[in-house]
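Protein chains in written order, with the numbering used here: chain A, 3 to 397; chain B, 8 to 316; chain C, 186 to 791; chain D, 379 to 521; chain E, 1349 to 1487. What follows is a single structure, written as structure tokens, with notes after it.
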Amino acid sequence: MSTNQIPVGPFHPLLEEAEYFNIKVEGETVVDIEMDIGWMHRGHEFISEQKTFTQSIFLVERICGICSTSHPIACVHAVEDIDNIDIPLRARYIRTLIGELERIHSHLLWLGLAGHFIGYDTLWMWAWKYREPVLQMFEIISGNRNHYGMMRVGGVARDVDPDALPALLKILDEIDAKMEMIAKAANDDPVLKSRLKGVGVLSHRDAIDYCAVGPTARASGVKTDVRKDEPTDAYDLVDFEVIVTQAGDVYDKTVVRLLEIMESSKIIRQCLEKLRSVSGPIVNNVKEISPGEGIGRYEAPRGEVFHYMRSDGSNRPIRHKVRAPSFVNIPTFTASCKGIPLADALITLASVDPCYCCTERAIRVVGHAEQAESIDLLRLSREKTERIRRTIHGA
Amino acid sequence: MSLLTLFYLLIFPGLLFTAVLGLSVGWVDRKLSARFQFRVGPPFFQNFYDFIKLLGKETLIVRDSVQSLFIAAPLIAFAALVCISALIGVALFFGASFIGDLYVLMYLLMVYSVMVILGGSATGNVYSSIGAGREMKLLLADELAFILVCLVPIVKAGYEIRLSEILSAQQLGGAFIASPSGILAFLIALICIQAKMALPPFNIPEAETEIVEGPFMEYSGPPLAFWKLNHFMMYVFYPFLLILLFLGGFSAGGWGVLWFILKYLLIVVVMIIIKNTNPRVRIDTALHFFWNIAFPVSLVALILAVLGV
Amino acid sequence: MEPSALIYFLVIPAAVSLINLLLPVRAAKALTVIALLYLLVRSIHSLSHLPLLSECGLWGADRLAAFVLLFVHILSLVILVFSLKGVRSEIQRAFFVLYPLTVAFCNGVLLSQHTIAFIIFWGLSGLSLYFFALMGQGDSYSQTAKKTFIIIGGSDVFLIFGFILLAARLPVKEWNLSALQMQSGDPLYYLAFFSLLIAVLAKAGGFPLHSWVPDFSKTSPIESTAFLPSSLDKLLGIFLLARMMTAFFAVELIVKMIIISIGAITVVGAVMMAIMQPNARRLLGYSTVSQVGYMLMGVGSGNPIAFAGGLFHMVNHTLYKSNLFLSLGSVEKQTGSSEFRDLGGIAKGMPLTFLMALIGSLAISGIPPFSGFYSKWMIYQGLLEQTKTLPAGYQIWMLICLLLAIFGSALTLACFVKFLHAVFLGRNPGREKIHEAPANQWLATGIFALFCIVFGLFAAALPLKRLIIPVLAELGIAADLSLIGYYDPLLLTGLFAIVFLIGWVVYRATRVVRYDEIYLGGMAAETRFRVSGVDFYREIRQMPLLQTIYTAAEKKYCDIYELGSKGTFFFSGILQKLHPGLLQWYLFYILLGLLLLLLITINIGG
Amino acid sequence: MDKMDQFIVDMGDLIGKTVRKKKRLYFQVKQENLRQVAGILFNRMKCRLSTATATETFHHIEVLYHFSHDATGDYFCPRILIDDKKNPRVDSIAPVIKGAEWIEREMFDFWGIDFVGHPHLQRLLAKDHPQGLDQPLRFRRDR
Amino acid sequence: MGWYNKRLAKSIWVFHISGSPCNNCDIEILDLLTPRYDLERMGIKLVGSIRHADVLLVTGIFNQKVAPKIAHIYKQAPKPIFVVAIGTCPTSGCCFKDSYNITAKREDVIPIDLYIPGCPPKPESMIEGVAKLVEVLNG
């Protein structure tokens, strides 16, 4: 037996994003996996020092293009948590609507890519064909296919045009029919099943130990869903179920996602219905944020997005921490990839729907120091003056 | 070597015919696949454009590789495939063959795999090496069943290992596919060919999302053009071989030509359908399938053939 | 030629061996080369000037013997050229003493017409294996030597037994080999046949008596491996089998089928072991065993084409397998290892050796137009011819054997793809620059490679027409071997070359070359990213049924020697219990023995 | 008495100053008690470690752990204050919770906090970084 | 080369490099291949190995860790090779332009032939960009 090392990445067709895995194999059996991330790390420090709360929402939207509304939602939740700000009912429905639409588009995207990864291009094309109407709905609602710019502290930025509701419902009906077909096709295909069943199993214990979230955890029988655990927005007003399966293999992860699409469509339908009747403002004007700290979270398609904000009473946060779902899901590879063939390991890598853009965001919005006493401020300003003076004289 | 031989080799069933037909059928493949996926698909001349474009690109050679082997591998495979195509074509269209030509074919067909493996591993790339290993394992997997299904027509033709004998036996007693053993063998042969051409679900050696096109990943420019051409040429002679062994071959008179084209297209379309409705399997699944399922079935076909059923 | 002139084939090498004891090593090398060159010329000469067998007494040669004799000398000369440089200095003297002596013993086997002489030389040639094994390296070479000696020596007992049975059946007491004969239907027929077959299998390395070959290959000096188990022992073993099939016995169908089946099992079983080996020498050793299967199938089938194919394959095998062993020897002498995990990427440094090994590998895998394909093709063709005439049950049996044989060559290909990849291609595991082998070494492998090509391209015109068909004619099994309308390698190669040239011209006309390092998705091409080829076929090994078989094989359940030694311990345990130390027991044993002797005498006499 | 009150009572001396908000509980923990508290939260109360946040203030570097109690949606946030800003050191909780490995590695990477007892503490995002990002999220007075 | 460029314009094989984007452009690139836009009808194909590529599609701001790899991979591509930068990030740096981890000038890393701005650019504008490239190739 001799161990060989296979580099996967930074530019590998499996990974849309630049990532690097060093996979150690015997023959084709994976014995160990080393992960090296940071290729997508952008870091936002200097520009963020000038960002206000509103601007940071624009920023977090660009953490990741796929969950580009989960981060803003979690972010505004965090700000709202500082001051316990309430939002209007109509805004709550709109937020939920956008969030669930994103879930459908993200899960379909993953399904297609998973098909591509296991060499089933037809599945890829089909899934993405039916993803287009979702994007169309986004375009009708927000005017953009991907970055929607819908969130505001205290509500949403844009109203849904009441005239567009019938059109949206029609598209939704269309999607529903196709979803059932795809779910059936994916469920009934014996070859697909044989390729995915029992592959890359993440045990229940490992899912808890690695603190996995989202479909990755739910496929392993861990019932965790922010939408139910801490219902914000309209989630306590709509009826839906949390999908949990037990096996923890790639097939179960697929099933969880497929069923979640159905649930999401159910939620969207309810939201659209409510939007007909519920009227009123879409945003509460928030004047200022008092000092304090807040935690905001949201169930993104990949799992819990976590934002932590600390305010000192100015219009800028002094600390903004983001934890994306992939950040805790990716380490589970060490548990789920060992001892399986290379071909399986690679689909397992894709099965948590990893999003490295999220993982490596490291957004930290830093303003001034917390509880800075006057003496500190004085010192700081003196230091700054000194620095400027030095620069001038040095030049 | 007479002029006629050269004509056979270079023009009609050989080089020119195979290449042009192969690239065109390659278009059928791409177009049909696109239609399966609700897409429009490429224009008819796309494969020709691709080929010509690749000829004009730079050839990158890995500095530490065995360069001569790296360059020669696609050309040798090309030559071997043209020879195979000429052999099959001459037997199919002109009824000319020699004793034991099916053995020669079987072994020549291995040349393609050998060249894929040697060309790939000449570079020392890890992906190519893994791809080479997979190519060999896949060859081992399908070879066992493929030999058996090739023996079936031989047995049915009265233990004559000669393509023209197999043809004439079918012209006398009807196509072999009309018997139970024939139809079993034909089905297995179809799947074996899917594996031999490394089409999905058996595109394991060149799995793009796993090992980055495997043995072909280091190729660029003209050598890559030849690999692409090689791949498309296989679309020509494998169906021809199947027609020859099981479907009664070719007759020029009357509706014969049309009938032949129909048979050919039928096989190609079935292959494309299989290709587009299956995910890629793992190499151990492929081994399991061919050794534990296809092999016993084809053994049954052979026994039936010996018993005259 | 006078029959007595044949004695030179014995006397000269034996004398050279004695003189080599005293001479300085350089002179000994020179002397051996000259002597073998002379003998080669003589053996070529003897092809066309055979003495009439009827005139021969103790020494004689028919065409078969002369044919084998020729290749014995070709092989021993070329391998000697290889051995001129690079044999370890501490064993050099012993090597050059033993080398001509072994040639003498082999010649003795081929040329003796007297049964006792045959047996003696046969045994002596086995003994020289033991001495070569003792020159080995590694921690287990003495064990290997013991194992080899016991298996070969043990099979000699069967040889003697078989010959005694044969001789006992003669109406007149006669020890001349050519007189030995046995008809089917004889009560001792099977006993005699299979006794001799055991000797053949042990010598040639067929299943189930093969297990000494891989071990011998692993530890012994590589020149001796190329010299004995892969070439001379094959020649001798198959020579005896051919004699058995044509002269000693009138072979029954069922016996033929058994030999063919043993052949088929040997082909597939041994090569399945070969593809898993992590060591190049053991891989070649197992593949040597596997190739014996084809010869058994060819010669054992008795069909003229297959018989000719079997003989042809025997010759081809000795040529390309010696080539491969010697190429590996060159590699080993340059790099100091034969473990796959230490090798890789040395084709760049040793292009000539790589070319020879490539030709050898393609030939052994039966890739047309190299020599291995032609002989395999003949064997298959012959077997299929034979199948026509059989009843249905036998037909299926035969077809399955045929299937195993063809599949075996795909496995052989797999085996040598691994060999080529792991040794020559792939990536260098970070060792320093490797230099090409010395001229004598690649010259030797080159000669063998040339044989592979020539015997492939001109198979019908040269070896078959000149050498093998006359042999068959003399053995009296000649059929229509005109080979018209058969596969024509020359034409095929011509066509192939034309198309290749066209492709080459297109490539040359359009190419723009740039050199670059390996593309690994953006990572630098470090040497740690390599696939060593050790676990190339791990997936096959992990298949449910095969896994048990491999595990069993690795625990040596298939190794007759290990089984035997276990059995011996078992029986010696029983024997110990049978020694109670009481007089009446011993008296009883003596009585029992006498009774047995009496029975045997009565049976043979009657 | 709800879960949070119960928790405060149960912990007794182990925790320091507590701040309670709706569904959120922030409390200070002494360094030496961190592993024990984390163990209680993770193993006994079945909380999930969401993440941990490091923040630099003028006096301290503080590390705030976020434990989510999924059944009720409550958050338990132990806070560690590190006085030594030159060589910040904290006990690692990775031996207790596997999922904390990457979280701690990230803080090591960006803040230079040394997590004592971490199984393989190495840089996470800036591993093999050509410019070697040097704790970019710490205060840089010269920037 | 005019003759050859016309051939090239009919068969563009693209390789996709992501240099620290937010992922959106990459998704939209893949979207181009799927049924609604189907770039295969223009002979455009996504390939897995850089050795087969004619056009490199780059996205993102190229952080300092990935920039050397992008430069390396550009050298490994067979000439003639064209680079199309997609999105606002490679064009201007978008909202990340003051990050500590960004390469100041993308052109120093890899010579870019064509920019398609947008955050993310709509598929239609990407197709237009490709059409412009084809136009240039056709002369």
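Don't be surprised by glycine CBs; every beta carbon is placed ideally from N, CA and C.
### Message
Across the segment 75-95 of chain A and the segment 107-118 of chain A, are there enough close Cβ pairs to call them in contact, namely three or more that are closer than 8 Å?
### Response
no
### Query
How many Å lie between residue 394 of chain C and residue 364 of chain C at the Cα?
29 Å
### Query
At a CB-CB cut-off below 8 Å, which residues of chain B make contact with residue 197 of chain A?
286, 287, 288, 289 and 292
### Task
Using the DSSP secondary-structure output, state which residues sit across from residue 455 of chain D in a beta bridge.
D/404
### Any 3 or more C-beta pairs closer than 8 Å across the segment 521-530 of chain C and the segment 498-510 of chain C
no
### Task
Write down every uninterrupted run of the alpha helix (DSSP H) in the segment 73-125 of chain B whose length is 4 residues or greater and which is fully enclosed by it, in chain order.
74-96
### Query
Can you give, in chain order, each stretch of the alpha helix (DSSP H) that sits fully within the segment 539-596 of chain C and has at least 4 residues?
556-573
#### Entry: Contact list for residue 226 of chain A against chain D, beta-carbon separation under 9 Å
426, 446 and 448
#### Entry: As assigned by DSSP and simplified to three states, the class of residue 397 of chain D
strand
### Task
Report yes or no: is there a C-beta of chain C within less than 7 Å of the C-beta of residue 140 of chain B?
yes
### Message
Is residue 1423 of chain E close to chain D? Criterion is C-beta to C-beta, closer than 7 Å.
### Response
no
### Query
For residue 271 of chain B, is the classification buried or exposed, using 16 other Cβ atoms within 10 angstroms of its Cβ as the cut-off for buried?
buried
#### Entry: Extent of the continuous beta strand (DSSP E) run through residue 294 of chain A
294-302
### Task
Could you please give the first and the last residue of the uninterrupted beta strand (DSSP E) stretch that includes residue 28 of chain A?
22-28
### Query
To which residues of the same chain is residue 330 of chain C closer than 6 Å at the C-beta, ignoring the five residues directly before and after it?
315, 318 and 319
#### Entry: For residue 129 of chain B, the nearest candidate out of B/93, B/67, B/166 and B/71 (CA to CA)
B/71
### Task
For residue 259 of chain B, name the three-state secondary structure that DSSP assigns.
coil
### Reference residue 569 of chain C; option with closest CA among C/581, C/558 and C/559
C/581
### Same chain, Cβ closer than 7 Å to residue 74 of chain A, five either side skipped, listed in chain order
59, 62, 63 and 153
### Task
Check whether the segment 124-137 of chain A touches the segment 1378-1396 of chain E, counting contact only when three or more Cβ pairs, one atom from each stretch, lie closer than 8 Å.
yes
#### Entry: Neighbour list for residue 212 of chain B in chain E, Cβ cutoff strictly below 9 Å
What residue 212 of chain B touches in chain E: nothing, since even the nearest Cβ is about 13 Å away.
### Query
Going by beta carbon distance, what residues of the same chain come within less than 7 Å of residue 376 of chain A, once the five residues before and after it are set aside?
Per-residue confidence for residue 376 of chain A stands at a pLDDT of 48, beneath the threshold of 50, marking its modelled position as unreliable; the derived number appears in the next sentence. Closer than 7 Å at Cβ, skipping near neighbours: no residue.
### Query
If you measure from the beta carbon of residue 700 of chain C to each beta carbon in chain E, is any gap under 7 Å?
no
### Message
Measuring straight from C-alpha to C-alpha, what distance separates residue 378 of chain C and residue 390 of chain C?
### Response
17 Å
#### Entry: Neighbour flag for residue 313 of chain B against chain A, beta carbons, 7 Å
no
### Message
For residue 638 of chain C and residue 551 of chain C, what's the separation of their Cα atoms in angstroms?
### Response
12 Å
#### Entry: Simplified DSSP assignment, three categories, for residue 360 of chain C
coil
### Task
Going by CA-CA distance only, name the one from A/291, A/252 and A/337 that's closest to residue 319 of chain A.
A/291
### Query
When we look at the beta-carbon of residue 234 of chain C and count the other beta-carbons within 10 Å, is it buried (16 or more) or exposed?
exposed
### Task
List the whole-angstrom C-beta distance separating residue 288 of chain B from residue 602 of chain C, where the pair is believed to meet the contact cut-off of C-beta under 8 Å.
Rounded, the Cβ-Cβ distance is 22 Å, inconsistent with contact.
### Query
Along the chain, where does the alpha helix (DSSP H) that runs through residue 6 of chain A open and close?
First-last for residue 6 of chain A: 6-10, but that is the beta strand (DSSP E), not the alpha helix (DSSP H).
### Task
Return no unless some Cβ of chain C is closer than 7 Å to the Cβ of residue 36 of chain A.
no
### Message
So that I know if they touch, is there some Cβ in chain D lying closer than 7 Å to that of residue 1416 of chain E?
### Response
yes
### Query
Given a threshold of 16 other Cβ atoms within 10 Å of its Cβ, counted over all protein chains shown, does residue 183 of chain A qualify as buried or as exposed?
exposed
### Query
Just how far apart, CA to CA, sit residue 218 of chain B and residue 16 of chain A?
9 Å
### Query
If you drop the 5 nearest sequence neighbours on each side, which residues of the same chain put their C-beta closer than 6 Å to that of residue 643 of chain C?
none
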